[in-house]
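With mature numbering (1 follows the signal peptide of the UniProt record, and there is no 0) as the guide, the letters of the sequence shown map in order to residues -28 to -1, 1 to 252. Below is one structure, written out as structure tokens; the observations come after it.
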Amino acid sequence: MKKHFYLIGLSCLLFAGVLLTTCNTDNATDGSPGPVADPEIVSHDSTHSANIARAKTIIDQAVSKAGLSGFNSTAVSFRFRDKEYRYQRNAGKFRYERWWQDTVSGERIRDILTNTGLTRLINDEEVDLPDKKRKAYSNSVNSVIYFAFMPWALTDPAVIPVYEGRENIKGEVLDRVRVGFEEENGGSDNKDEFLYWFSPENRQLKYLAYSHPGGAMPRFRVAYNERTVDGFTVRDYHNFTTADKSARTIDKLSQDYQEGKLVLLSEINLEGVQIVPTEE
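Written out as structure tokens, the structure reads:
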């Protein structure tokens, strides 16, 4: 008999627990305090936002130190390998040009890339281009201009930079910034990956690394021959790649560089750099 009453009492307690749980659930939907946010998630979001803000500050400081703050309204010419280049931007409009003379045919070739696309002139006459070639020429012109005046290009609104802490490369402690792009405004580069290493003392850009999703080998560039031209900083680069052709990640390139595992692919040298008058 006592056992029977014990079971009845236990059942009542369980039923009361169900009722209390149901009431608490109903109260939550009626405006009472709901679940408390996970502090680790809140902390992660806060830290990520702080790292983005810090990365932007580092980039802004580097651009200012390099004298590139006014590059939105200037024109510059330079020579890279066998081609002449001219860069001009003003009020959101840009005009990038390169020109050379073909050593075999003797033809004068000029590519003009603007906000509306690329035009190729041969002996001063516009030629029709298939879409594939037009895209390839556009990317080629844009890539040279993009890297020529780093880190100015990192001020683009489509850039998403994240500070990743400090890293020691060959005895020098540097700030490391990873850069991605907004999918909507990042153009064809929105899947590319970039890493940049800046000096904490003078904000000089010391190294950069990048990869493209199309299968190209990753690159690791070492800045050298830094100099000032007409008030802004210009630098050249030793351009390295991986010895292992299957490698695609950029995260280990700095370590591989220090261990002598990278292969020198080329030198990126800008010559005859000068400020030139802007054109209408």
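Idealized CB from N, CA, C, for every residue including glycine. From a predicted model like this one, the values you see are computed outputs, not experimental measurements.
For residue i and residue j, I'd like the C-alpha separation in whole angstroms.
i, j, result
"residue 48", "residue 17", "41 Å"
"residue 73", "residue 138", "46 Å"
"residue 102", "residue 76", "23 Å"
"residue 228", "residue 99", "45 Å"
"residue 155", "residue 129", "12 Å"
"residue 300", "residue 193", "Nothing can be reported for residue 300, as the shown portion of the chain is limited to -28 through 252."
"residue 216", "residue 223", "15 Å"
"residue 51", "residue 106", "22 Å"
"residue 201", "residue 20", "37 Å"
"residue 56", "residue 171", "31 Å"
"residue 183", "residue 208", "19 Å"
"residue 35", "residue 120", "13 Å"
"residue 131", "residue 115", "16 Å"
"residue 254", "residue 32", "Residue 254 falls outside the range modelled here, since the chain spans only -28 to 252, and no answer is possible."
"residue 246", "residue 234", "33 Å"
"residue 68", "residue 123", "18 Å"
"residue 197", "residue 238", "15 Å"
If residue i sits next to residue j, beta carbons under 8 Å apart, how far is it from one beta carbon to the other, in whole angstroms?
i, j, result
"residue 191", "residue 221", "The Cβ separation is near 12 Å, so there is no contact."
"residue 133", "residue 27", "4 Å"
"residue 39", "residue 205", "6 Å"
Use the C-beta contact count for residue i: other C-beta atoms within 10 angstroms, 16 or more gives buried, fewer gives exposed.
i, result
"residue 70", "buried"
"residue 249", "exposed"
"residue 226", "buried"
"residue 125", "buried"
"residue 54", "exposed"
"residue 13", "Below a pLDDT of 50, predicted positions are generally treated as unreliable, and residue 13, at 36, falls in that range; the measurement from the model is reported next regardless. Classification of residue 13: exposed, given that the 10 Å Cβ count is below 16."
"residue 30", "buried"
"residue 165", "buried"
"residue 117", "buried"
"residue 88", "exposed"
"residue 135", "buried"
Specify the secondary structure class of residue i as computed by DSSP and reduced to three states.
i, result
"residue 19", "helix"
"residue 75", "coil"
"residue 108", "helix"
"residue 63", "coil"
"residue 127", "helix"
"residue 117", "helix"
"residue 53", "coil"
"residue 175", "coil"
"residue 44", "helix"
"residue 236", "strand"
"residue 83", "strand"
Keeping to the same chain, check which residues put their C-beta closer than 8 Å to that of residue i; ignore five residues upstream and five downstream.
i, result
"residue 230", "141, 142"
"residue 81", "71, 72, 73, 74, 92, 93, 94"
"residue 79", "73, 94, 95"
"residue 90", "83, 84, 101, 106, 109, 110, 113"
So, at 6 Å on beta carbons, what are the nonlocal neighbours of residue i in its own chain, with the 5 sequence-adjacent residues on each side left out?
i, result
"residue 61", "44"
"residue 169", "146, 148, 178, 179"
"residue 64", "none"
"residue 37", "175"
If you drop the 5 nearest sequence neighbours on each side, which residues of the same chain put their C-beta closer than 7 Å to that of residue i?
i, result
"residue 3", "Below a pLDDT of 50, predicted positions are generally treated as unreliable, and residue 3, at 44, falls in that range; the measurement from the model is reported next regardless. Cβ within range, chain order: n/a, list empty."
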